[in-house]
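Add 464 to the 1-based position in the sequence shown for my numbering, that's all there is to it.
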Amino acid sequence: MTVKQLSMPELVDVCQELGVRGVGLWREPVQSHGLEATAKLVRDAGLTVTTLCRGGFFTAIDPDERARALDDNRRAVDEAATLGTDTLVLVSGGLPAGSKDLRGARERIADALAELGPYAAERGVRLAIEPLHPMYASDRCVVSTLAQALDLAERFPAEQVGVTVDTYHIWWDDTAPEQIARAGAGGRIHTFQLADWTTPLPEGVLNGRGQIGDGAVDMREWKGYVEAAGYTGPIEVELFNDGLWARDGREVLAETVERFVEHVIR
Numbered sequence: 465m466t467v468k469q470l471s472m473p474e475l476v477d478v479c480q481e482l483g484v485r486g487v488g489l490w491r492e493p494v495q496s497h498g499l500e501a502t503a504k505l506v507r508d509a510g511l512t513v514t515t516l517c518r519g520g521f522f523t524a525i526d527p528d529e530r531a532r533a534l535d536d537n538r539r540a541v542d543e544a545a546t547l548g549t550d551t552l553v554l555v556s557g558g559l560p561a562g563s564k565d566l567r568g569a570r571e572r573i574a575d576a577l578a579e580l581g582p583y584a585a586e587r588g589v590r591l592a593i594e595p596l597h598p599m600y601a602s603d604r605c606v607v608s609t610l611a612q613a614l615d616l617a618e619r620f621p622a623e624q625v626g627v628t629v630d631t632y633h634i635w636w637d638d639t640a641p642e643q644i645a646r647a648g649a650g651g652r653i654h655t656f657q658l659a660d661w662t663t664p665l666p667e668g669v670l671n672g673r674g675q676i677g678d679g680a681v682d683m684r685e686w687k688g689y690v691e692a693a694g695y696t697g698p699i700e701v702e703l704f705n706d707g708l709w710a711r712d713g714r715e716v717l718a719e720t721v722e723r724f725v726e727h728v729i730r
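Dropping the structure here:
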């Protein structure tokens, strides 16, 4: 999604040119190109699919709506398995219309995980609950902190349910380093994502994820936390940014690689 202006073949080409060895995919571009075609394209290029995004949206109260959400998540698990990734990222869902019951919404997430976790594990796929910044709690994700995500995940085996550590969503939380250590001790850090925090946020706030190095987040510090917790997996960069999407995608991806080296590796 960082370079959603690129077609799937273009994305694969520029990853190869820049030496990027893995790619986190989103379901919509995969479906546009075709699931089997994408799996073959990425596999033939020698790329690893690090994660598939996204499943989730489990908080509906209406039984039919909940059933549809579970069916869609089973499809997402199957897509992840076809693409060869072991991790499906979950955005859990916001409050249903007219509801103010955060606790009830979180319990419905747990109910959904109880059904989906074994299904995913049978297919070699782990579920990674992603806590989102609290500004998204009403409409997108009632799981706002790593502690809340782990409280849900720890009801299930680690090979079924873990968490996503995303700097954009947790950089403000002074308890997050402790929770990263907790997640690592339980083998529940299923993916680690980077985006910077820049202000002012755009209208609608969704597309405000800043390019690495442009904002307030110390990327090396957060990399240190996850490494100290035992995480050795891929590091993803996920940027939702209208300004970046308006630019040439190859240029943006090259810039992202440069920023990653400068602000994360060096």
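Even glycine gets a Cβ: it sits at the ideal position worked out from N, Cα and C.
Determine the contact status of residue i and residue j, defining contact as a CB-CB distance below 8 Å.
i      : j      : result
ARG485 : LEU511 : yes
VAL690 : ILE634 : no
GLU702 : MET465 : yes
ARG652 : ALA611 : no
ALA503 : GLY568 : no
LEU552 : ALA540 : yes
LYS687 : VAL629 : no
Go through its chain and collect everything with a Cβ distance to residue i's Cβ below 7 Å, but skip five positions before and after it.
i      : result
LEU577 : LEU591, LEU616, PHE620 and VAL625
TRP709 : LYS468 and GLN469
LEU554 : ARG518, GLY519, GLY520, LEU591, ALA592, ILE593 and GLU594
GLN495 : none
PHE724 : ILE676 and VAL701
Below 8 Å CB to CB, which residues in the same chain sit around residue i once its five sequence neighbours on both sides are set aside?
i      : result
GLU474 : GLY713 and ARG714
ARG538 : LEU580 and TYR583
Just grab the DSSP bridge partners of residue i for me.
i      : result
CYS660 : The question names Cys, yet the displayed sequence has Asp at residue 660. In DSSP, ASP660 forms a bridge with GLY674.
ALA592 : VAL553 and GLY626
GLY486 : THR512
GLU700 : GLN657
GLY519 : LEU554
ASN705 : GLY672
CYS605 : GLY557
Quick one: what's got a C-beta closer than 6 Å to residue i's C-beta in the same chain, skipping five residues either side?
i      : result
PRO734 : For residue 734 there is no data in the structure shown, the boundaries of the chain being 465 and 730.
HIS597 : HIS633
THR663 : none
LEU489 : VAL513 and LEU516
LEU717 : VAL467 and VAL478
GLU722 : none
ALA680 : TRP661
GLY694 : GLY648
Assuming residue i contacts residue j under a Cβ cut-off of 8 Å, what Cβ separation, rounded to an integer in Å, is found between them?
i      : j      : result
THR631 : MET599 : At roughly 16 Å, the Cβ-Cβ gap does not stay under 8 Å, so THR631 and MET599 are not in contact.
PHE522 : GLY562 : With a Cβ gap of about 18 Å, PHE522 and GLY562 do not count as contacting.
GLU700 : PHE656 : 7 Å
ASP550 : VAL589 : 6 Å
ASP638 : PRO666 : The Cβ separation is near 26 Å, so there is no contact.
### Message
Is it the case that the region 597-606 contacts the region 577-586, given that we only count it when at least three CB pairs across the two stretches are under 8 Å?
### Response
no
### Query
Does the region 526-538 come within contact of the region 467-481, defined as at least 3 CB pairs closer than 8 Å?
no
### At least 3 beta-carbon pairs within less than 8 Å: the region 666-676 vs the region 636-652
no
### Query
Given 8 Å as the limit, is there contact between the region 539-546 and the region 565-577, that is, 3 or more CB pairs closer than that?
no
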